[in-house]
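Q: Going by the working numbering, the letters in the sequence shown line up with residues 18 to 121, in that order. In this text, a Cβ means the ideal position worked out from N, Cα and C, and glycines have one as well. Before I ask anything, here is the structure I am working with.
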Amino acid sequence: MSAVGITENVKGDIKKFEVWYNSREEVYIIQAPSMDVKNMWVLEIRKVLTGQLEACREASQHNISGAPMRNVYKKALRQSDSSSPESGFRRSNPSPNMRQKRDM
18 MSAVGITENV KGDIKKFEVW YNSREEVYII QAPSMDVKNM WVLEIRKVLT
68 GQLEACREAS QHNISGAPMR NVYKKALRQS DSSSPESGFR RSNPSPNMRQ
118 KRDM
């Protein structure tokens with residue numbers, strides 16, 4: 018499994034942060050419209066990443082190495098959504114299944 022991480026501060030702009038993948042092989046710089054929005058986004062991303070890390074640790078303790086990571090991601094998102102005071106943080110590109118459900 019490849020690592021995903023976040024760097025909260027980027028040189029040059031206090032409203033920017035990085036999300037990186039695979040030992041910084043891929044780096045995405047994200048700029049929020051304000052510091053408040055940046056802080057909210059960073060907090061929510063950290064919740065998801067922390068949830069994934071905890072689920073991976075739990076799975077390795079129970080020797081469930083074959084468990085699909087997709088379910089770990091969904092579990093982390095559910096935990097983040099239920100504990101978040103902000104409900105405005107959503108994926109911008111819902112999956113095809115989600116689009117079908119909304120269109121019905």
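In three-state DSSP terms, what is Lys32?
A: Locating residue 32 in the sequence shown gives position 15, counting from the first residue. In this structure, Lys32 counts as coil in the three-state DSSP scheme.
Q: Straight-line CA distance for Asn56 to Tyr38?
A: The sequence position of residue 56 within the sequence shown is 39, counting from 1. The sequence position of residue 38 within the sequence shown is 21, counting from 1. Roughly 20 Å between the two C-alpha positions.
Q: Please report the distance separating the alpha-carbon of Phe34 from that of Val65.
A: The residue given as residue 34 occupies position 17 in the sequence shown. The residue given as residue 65 occupies position 48 in the sequence shown. One C-alpha to the other measures close to 16 Å.
Q: First and last residue of the beta strand (DSSP E) that includes Glu43?
A: The residue you call residue 43 lines up with position 26 of the sequence shown. 43-48 is the extent of the beta strand (DSSP E) around Glu43.
Q: In whole angstroms, what is the alpha-carbon distance linking Gly68 and Arg74?
A: Here residue 68 is taken as the residue at index 51 of the sequence shown, counted from 1. Here residue 74 is taken as the residue at index 57 of the sequence shown, counted from 1. For Gly68 and Arg74, the distance between alpha carbons rounds to 10 Å.
Q: What residue does the beta strand (DSSP E) around Val54 start on, and which one ends it?
A: Translated into positions along the sequence shown, residue 54 becomes position 37. No beta strand (DSSP E) holds Val54; the alpha helix (DSSP H) holding it covers 52-78.
Q: If you draw a straight line from the alpha carbon of Ile62 to that of Asn26, how long is it in whole angstroms?
A: Position 45 of the sequence shown, counting from 1, holds the residue named residue 62. Position 9 of the sequence shown, counting from 1, holds the residue named residue 26. Taking the straight line joining both Cα atoms gives about 14 Å.
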